[in-house]
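Notes to accompany the following structure.
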Amino acid sequence: TRIKRIAEGIGQGRPISAFGREVEEILRRVVPQGK
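Mapping of the sequence shown onto the numbering used here: position 27 corresponds to residue 18, and the numbering continues sequentially without gaps.
As structure tokens, this is what we get:
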């Protein structure tokens, strides 16, 4: 899953900022924008 890939990358020492787009996409799917 995406979250697992992100967690693995962070575990390898990659900065969280490198996953900014992935995190944005996940949040976009989780948080409804229709309000």
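All residues carry an ideal CB built from backbone N, CA and C; glycine is no exception.
Beta-carbon proximity check, residue i vs residue j, cutoff 8 Å
i, j, result
"Arg(-7)", "Glu15", "no"
Where residue i falls: helix, strand or coil (DSSP)
i, result
"Gly4", "coil"
"Val14", "helix"
"Val21", "helix"
is_contact[residue i, chain B] using C-beta, thresh 8 Å
i, result
"Gly11", "This model lacks chain B altogether; it includes just one protein chain."
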